[in-house]
Amino acid sequence: MQEWNLKETADWLKACEDAYILIHQNPDGDCIGAGYALAEMLHQMGKRAAVLCNEPIPNRYRFMLPGEEKAPDFAPRCVISVDVADSKLLGDELRARFGNAVDLCMDHHISNVPYAAARYLDGQAAATCEILCELAKLLPITVTEQMAVCLYTGMATDTGCFQYDNTRPATFRAAADLKEQFPEVRYGQINRKMFAVKSFGRLRLEQLLIDRLEQHLDGKCTLICMTQEVLKKFQVDEAELDGIAGFPLQVDGTEVGITMKEKEPGKFRISMRSADEVNVSAICQSLGGGGHFKASGCSLSGTEAEVKEILLKAVAEGMPM
Ligand SMILES: [Mn+2]
Numbered sequence: 002m003q004e005w006n007l008k009e010t011a012d013w014l015k016a017c018e019d020a021y022i023l024i025h026q027n028p029d030g031d032c033i034g035a036g037y038a039l040a041e042m043l044h045q046m047g048k049r050a051a052v053l054c055n056e057p058i059p060n061r062y063r064f065m066l067p068g069e070e071k072a073p074d075f076a077p078r079c080v081i082s083v084d085v086a087d088s089k090l091l092g093d094e095l096r097a098r099f100g101n102a103v104d105l106c107m108d109h110h111i112s113n114v115p116y117a118a119a120r121y122l123d124g125q126a127a128a129t130c131e132i133l134c135e136l137a138k139l140l141p142i143t144v145t146e147q148m149a150v151c152l153y154t155g156m157a158t159d160t161g162c163f164q165y166d167n168t169r170p171a172t173f174r175a176a177a178d179l180k181e182q183f184p185e186v187r188y189g190q191i192n193r194k195m196f197a198v199k200s201f202g203r204l205r206l207e208q209l210l211i212d213r214l215e216q217h218l219d220g221k222c223t224l225i226c227m228t229q230e231v232l233k234k235f236q237v238d239e240a241e242l243d244g245i246a247g248f249p250l251q252v253d254g255t256e257v258g259i260t261m262k263e264k265e266p267g268k269f270r271i272s273m274r275s276a277d278e279v280n281v282s283a284i285c286q287s288l289g290g291g292g293h294f295k296a297s298g299c300s301l302s303g304t305e306a307e308v309k310e311i312l313l314k315a316v317a318e319g320m321p322m
């Protein structure tokens, strides 16, 4: 695999034709924003480009789409992935079709596992959309209002509305530049939609989550388990679960917050968040997963009790004495 700098990446994009842009499964604001902003950049350069996702784009993110989603009417001559840290995250269908055929991977996950022929990785960038803000300056294009909506949303969502430590000066500058160039975009409304507004079902779910908060390891670890039964009962859209991983960290004294989500009977997807000092990436790696220092995940199989025991043992071992 080749490691490219941003200029090499831009040069390759100028030369590429008929691009499929792949984003990750359970798509979030950053991969959707990056995917559609990049597609528009390529369109402006006179190229055909389409965004592909393993699942339909959730309703709450559809304001970033230029129109209805439709299958591309051309065959790809190049394949690009954005914000996809591992080919596994493409989801089954896209992975089977393109897992070994990605020409360029653009990403900001420090844990990125190489799978493409070439990679542009900036592990310090807060979002792939932040990378695209820089990339846009190296391409013969003009940023449009719709791109600004996409790029802002991606940076806002990956930083918890510019709250997390991953927000660096360059993130603020990129957002400030968009706001200066496109004052008419309703950034406040985007923030409201992404962070304040919740569906009634989601609020009911949060009520239930509060009931199910468990404290372990002298209150340093707060855990929530969402079984299939709970998810079905409250009919929660997968997209509404976005950001729920940070929920346990709201409890004072918590150093590690864990959410367990039962994807199918006996199979749990685990999200682990660190309030400050504990490296949850190392803990999740010891369990076959990975991610960032303060935000990681893994998958475990077993009964609810078995999985909790495995998790709490790993967290206890991963905590500084
Ligand atoms: Mn991202």
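Going by the working numbering, the residue at position 156 of the sequence shown is 157; the numbering climbs one at a time, nothing skipped. Where is the CB? At the ideal position from N, CA and C, for every residue including glycine. Note that the structure is a prediction, hence the values are computed from the model and not measured.
Rounded to whole angstroms, what's the CA-CA distance from residue i to residue j? Just pull it up for me.
i, j, result
"Phe294", "Ala20", "33 Å"
"Val80", "Gly291", "25 Å"
"Asp87", "Asp93", "12 Å"
"Pro170", "Asn6", "20 Å"
"Lys8", "Phe183", "25 Å"
"Asn60", "Pro28", "11 Å"
"Ala306", "Lys233", "20 Å"
"Ala315", "Leu66", "41 Å"
"Val231", "Ile24", "29 Å"
"Ile33", "Thr154", "9 Å"
Quick one, are the C-beta atoms of residue i and residue j less than 7 Å apart?
i, j, result
"Met107", "Tyr121", "yes"
"Arg304", "Glu263", "Before going further, note that residue 304 is Thr rather than Arg in the sequence given. No; because the gap between Cβ atoms is not below 7 Å, this pair is not in contact."
"Ala76", "Cys134", "no"
"Leu312", "Ile259", "yes"
"Gly30", "Val52", "no"
"Ala149", "Val186", "yes"
"Met195", "Thr158", "yes"
"Met320", "Val281", "no"
What did DSSP end up calling residue i once you bin it into helix, strand or coil?
i, result
"Gln208", "helix"
"Gln286", "helix"
"Val80", "strand"
"Gly68", "coil"
"Ala276", "coil"
"Gln125", "coil"
"Phe269", "strand"
"Asp74", "coil"
"Lys194", "helix"
"Val150", "helix"
Could you name the residues of the same chain whose beta carbon sits closer than 7 Å to that of residue i, not counting the 5 residues immediately before and after it, in chain order?
i, result
"Lys89", "Arg96"
Can you give me the Cβ contacts of residue i inside the same chain, cut-off strictly under 6 Å, excluding the 5 residues immediately before and after it?
i, result
"Gln3", "Ala119"
"Glu215", "Leu224"
Under 8 Å Cβ to Cβ from residue i, same chain only, skipping five residues before and after it: list those, please.
i, result
"Thr172", "Ala126, Ala127, Ala128, Glu131, Met156, Thr160 and Phe163"
"Asp100", "According to the sequence shown, residue 100 is Gly rather than Asp. Ser88, Leu91 and Tyr116."
_Those residues, in chain order, that have a beta-carbon closer than 6 Å to some heavy atom of ligand 1_ = Proximity annotation: ligand 1 has residues Asp31, Asp84, His109, Ala128, Thr129 and Asp159 in chain order, each selected because its CB is closer than 6 Å to a heavy atom of the ligand.
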